[in-house]
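K.L.:
Input: one structure, supplied below.
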Amino acid sequence: MRIKKNIGFLLVILITLLRSENSRNDLFQILKNDNINHLKMTSGDIITIISGQFSPKISDIDVRDIEIFCTSIEKFLSRNSFTEDFIYQKSQSSISGSKHFRYQQLYDGIPVQGRFLDIHCNTHHQISSLSNDYQLIEDVNVIPRITPEMALNIVKKKTGGILLIKPNPELIIYTYKSAPILAYSIRLISRYDSKKIVVNASSGEVINIFSLIYFEGPILGSGENLLGEWVDSLYVYEGIDFPSITGGLSTENIYCEEYCWDYGDCDGQNYDDCVMSYQQGNCADGYIEDCDGECFIESNLLWDLDDGTCDDPRIEVDMTNISTGNVNMVNTDNSDREPIFTLSNYGNYYTDIFYVNSETSVFDSNIGSTSHASGVSSHDYHTKTLEYFDSFGYLGMSGTGLRLANLIDYGPGSPWGLN
Numbered sequence: 001m002r003i004k005k006n007i008g009f010l011l012v013i014l015i016t017l018l019r020s021e022n023s024r025n026d027l028f029q030i031l032k033n034d035n036i037n038h039l040k041m042t043s044g045d046i047i048t049i050i051s052g053q054f055s056p057k058i059s060d061i062d063v064r065d066i067e068i069f070c071t072s073i074e075k076f077l078s079r080n081s082f083t084e085d086f087i088y089q090k091s092q093s094s095i096s097g098s099k100h101f102r103y104q105q106l107y108d109g110i111p112v113q114g115r116f117l118d119i120h121c122n123t124h125h126q127i128s129s130l131s132n133d134y135q136l137i138e139d140v141n142v143i144p145r146i147t148p149e150m151a152l153n154i155v156k157k158k159t160g161g162i163l164l165i166k167p168n169p170e171l172i173i174y175t176y177k178s179a180p181i182l183a184y185s186i187r188l189i190s191r192y193d194s195k196k197i198v199v200n201a202s203s204g205e206v207i208n209i210f211s212l213i214y215f216e217g218p219i220l221g222s223g224e225n226l227l228g229e230w231v232d233s234l235y236v237y238e239g240i241d242f243p244s245i246t247g248g249l250s251t252e253n254i255y256c257e258e259y260c261w262d263y264g265d266c267d268g269q270n271y272d273d274c275v276m277s278y279q280q281g282n283c284a285d286g287y288i289e290d291c292d293g294e295c296f297i298e299s300n301l302l303w304d305l306d307d308g309t310c311d312d313p314r315i316e317v318d319m320t321n322i323s324t325g326n327v328n329m330v331n332t333d334n335s336d337r338e339p340i341f342t343l344s345n346y347g348n349y350y351t352d353i354f355y356v357n358s359e360t361s362v363f364d365s366n367i368g369s370t371s372h373a374s375g376v377s378s379h380d381y382h383t384k385t386l387e388y389f390d391s392f393g394y395l396g397m398s399g400t401g402l403r404l405a406n407l408i409d410y411g412p413g414s415p416w417g418l419n
């Protein structure tokens with residue numbers, strides 16, 4: 001009996017290996033084996049990472065080219081068709097000329113929180129790599145039993161203070177360390193107590209609470225980084241490609257698009273001539289509508305606004321006293337009242353240490369083109385922190401005058417830079 005069981009087990013393994021090999025052969029026929037440098041697939045024959053050269057050199061590449069490519073390999077990206085399971089979210093062009101395209105995973109038209117398909121193009125405008133965090137989801141009822149208003153009433157009990165942003169409950173499929181759940185994601189932003197709260201859309205149970213502000217180190221805590229991942233503790237990974245990113249996550253977008261005050265990842269230009277653009281729009285009295293259509297409390301204009309100079313003053317850092325590893329620092333901000341900087345770990349050079357972490361497998365592939373987002377996420381957390389540290393009078397952490405600073409490691413062979 002034991003021999004028969006062992007034979008049966010071995011047959012299952014053999015069939016699985018043969019099926020996987022056949023899937024790879026099918027993929028090689030589409031993309032040509034010689035064009036693939038690196039490939040990782042799940043046991044269900046879904047690509048997680050692939051790199052190589054998958055399109056000819058052209059003068060430019062756009063969303064249509066990306067979607068033609070993805071459609072050609074759609075059976076290796078998800079269970080259903082590409083158009084059913086993914087929706088275009090954004091694209092970015094880097095300083096070096098490469099491009100990055102992001103697609104959000106959907107389940108029955110609902111975003112799967114933190115699950116993205118990222119496609120990257122090299123400086124020759126060739127599709128050169130892809131990372132896919134697809135999760136197979138089955139039998140999740142997408143009809144909520146509680147209304148957005150009911151969910152909002154539940155989460156309001158979890159925070160205090162005047163809300164600076166009008167909350168907008170969003171239906172998501174929540175998958176972080178749990179079976180897929182239909183849920184509401186609700187962001188509550190107040191000056192001293194800001195959180196993202198996830199509520200079960202069937203039971204009304206609060207599934208998780210992610211703080212958006214932090215008062216002490218050394219661990220920054222849990223949250224969603226700009227890679228769209230849910231993470232418990234955050235570490236910075238070095239990147240070699242750091243494109244400009246504009247717009248705000250927790251701060252209103254009321255400046256012309258070129259103004260990079262929220263992230264400080266600047267092009268070396270001064271945008272003092274930018275003017276604020278806002279109106280009441282569709283917002284209630286006492287609120288303004290920003291360029292992204294979000295409603296912010298009008299009195300928020302009286303604080304947290306920078307002066308448009310991202311790289312001045314510079315910080316002189318003695319690099320010989322900094323021990324480096326698989327971490328980096330990102331950039332600086334500047335304020336009329338006091339310089340605001342962002343911090344990461346460099347040995348014992350700084351006394352307070354914060355970390356930004358990414359759990360994505362893309363970093364296992366040595367592809368640096370997406371790592372910039374993890375660094376920007378670091379800056380985003382620290383910027384939020386100092387924005388809400390109004391009670392400190394901008395005198396540094398805990399009113400001690402301690403500054404936070406962040407550097408960029410642009411990768412092997414590149415000089416250190418302070419942005």
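Following the UniProt record's numbering, the residues of the sequence shown are numbered contiguously, the last one being 419.
All C-beta atoms in this analysis are idealised placements derived from N, C-alpha and C, irrespective of residue type, glycine included.
If you're wondering where the values come from, they're calculated on a predicted model, not measured in any experiment.
#1: Curious, which full-length alpha helix (DSSP H) runs of at least 4 residues does the segment 57–102 contain?
#2: Can you name the residues that DSSP bridges to Phe-210?
#3: Compute the Euclidean distance between the alpha carbons of Met-41 and Thr-48, then round it to the nearest angstrom.
#4: Residues in the same chain with beta-carbon distance under 7 angstroms from Gln-53, minus the five sequence neighbours each way, listed in chain order, please.
#5: Starting from Lys-40, follow its DSSP beta bridges and name the residues at the other end.
#6: Per the contact definition of three or more C-beta pairs closer than 8 angstroms, is the segment 116–126 in contact with the segment 96–106?
#7: At the level of alpha carbons, what is the spacing between Ser-98 and Tyr-174?
#8: Below 8 angstroms CB to CB, which residues in the same chain sit around Ile-73 once its five sequence neighbours on both sides are set aside?
#9: Between Tyr-184, Gln-135, Lys-196, which lies nearest to Ile-165 when the distance is taken from Cα to Cα?
#10: Specify, as a first and last residue, the run of the alpha helix (DSSP H) that Glu-170 falls within.
#11: Rounded to whole angstroms, what's the CA-CA distance from Leu-130 to Asp-85? Just pull it up for me.
#12: In the DSSP assignment, find the unbroken alpha helix (DSSP H) run with Ala-151 in it and report its ends.
#13: Inspect the CB distances between the segment 179–190 and the segment 150–169 and report whether three or more fall short of 8 angstroms.
#14: Out of Ser-91, Arg-79, Ser-78, Gly-109, point me to the one whose CA is closest to Val-142's CA.
#15: Quick one: what's got a C-beta closer than 6 angstroms to Ile-66's C-beta in the same chain, skipping five residues either side?
#16: Taking the C-alpha atoms as reference points, what is the distance between Asn-25 and Gln-89?
#17: Rounded to the nearest angstrom, what separates Asn-80 and Leu-136 at their Cα positions?
#18: Taking the DSSP output, what are the residues bridged to Asp-118?
#19: For Val-198, count the other beta carbons within 10 Å of its own beta carbon; 16 or more makes it buried, fewer makes it exposed. Which is it?
#20: Tell me whether Arg-24 sits in a helix, a strand or coil according to DSSP, three-state version.
#21: Using the Cα positions of Lys-156 and Pro-56, report the straight-line distance between them to the nearest angstrom.
#22: Around the C-beta of Ser-51, are 16 or more other C-beta atoms found within 10 angstroms, so that it is buried, or is it exposed?
#23: Taking the beta strand (DSSP E) that Ser-190 belongs to, which residues open and close that run?
#24: Are the Cβ atoms of Ile-172 and Val-206 separated by less than 8 angstroms?
#25: Where does Ile-137 fall in DSSP's three states?
#26: How would you label Ala-179, buried or exposed, when you count the other beta carbons within 10 angstroms and need 16 or more for buried?
#27: Could you tell me how far apart the beta carbons of Leu-182 and Ala-151 are, in whole angstroms, since I believe they sit closer than 8 angstroms?
#28: By how many angstroms is the C-alpha of Asp-62 removed from the C-alpha of Cys-70?
#29: Looking only at C-alpha atoms, which of Leu-77, Val-112, Val-140, Ser-203 sits nearest to Tyr-176?
#30: DSSP state of Ile-30, grouped into three classes?
#31: Can you have a look at Ser-43 and say buried or exposed, based on whether 16 or more other CB atoms are within 10 angstroms of its CB?
#32: By Cβ distance below 7 angstroms, which residues in the same chain neighbour Cys-121 in space, the five residues on each side in sequence not counted?
#33: Pull up the distance between the alpha-carbon of Trp-261 and that of Ser-23, whole angstroms please.
#34: In chain order, what residues of the same chain have a beta carbon less than 7 angstroms from the beta carbon of Asn-348, not counting five sequence neighbours either side?
P.N.:
According to the structure shown:
#1: 63–72, 82–85
#2: Lys-196
#3: 5 angstroms
#4: Asn-35, Gln-126, Ser-128
#5: Ile-49
#6: yes
#7: 32 angstroms
#8: Leu-27, Ile-30, Leu-31, Ile-47
#9: Lys-196
#10: Where Glu-170 is concerned, there is no enclosing alpha helix (DSSP H), although the beta strand (DSSP E) it sits in stretches over 170–174.
#11: 16 angstroms
#12: 148–156
#13: yes
#14: Gly-109
#15: Phe-101, Ile-119
#16: 31 angstroms
#17: 10 angstroms
#18: Arg-102, Ser-131
#19: buried
#20: helix
#21: 53 angstroms
#22: buried
#23: Note, Ser-190: premise wrong, no beta strand (DSSP E); not H, not E.
#24: no
#25: coil
#26: exposed
#27: In fact, because the Cβ distance is near 11 angstroms, the residues do not count as touching under 8 angstroms.
#28: 13 angstroms
#29: Val-112
#30: helix
#31: exposed
#32: Ile-61, Ser-98, Lys-99, Ile-127, Ser-128
#33: Unreliable positioning characterises Trp-261 in this predicted model, as indicated by a pLDDT of 33, which lies under 50. A coordinate reading is not provided.
#34: Confidence at Asn-348 is low in this model, with a pLDDT of 26, below 50, so the placement of that residue is unreliable and no value is reported for it.
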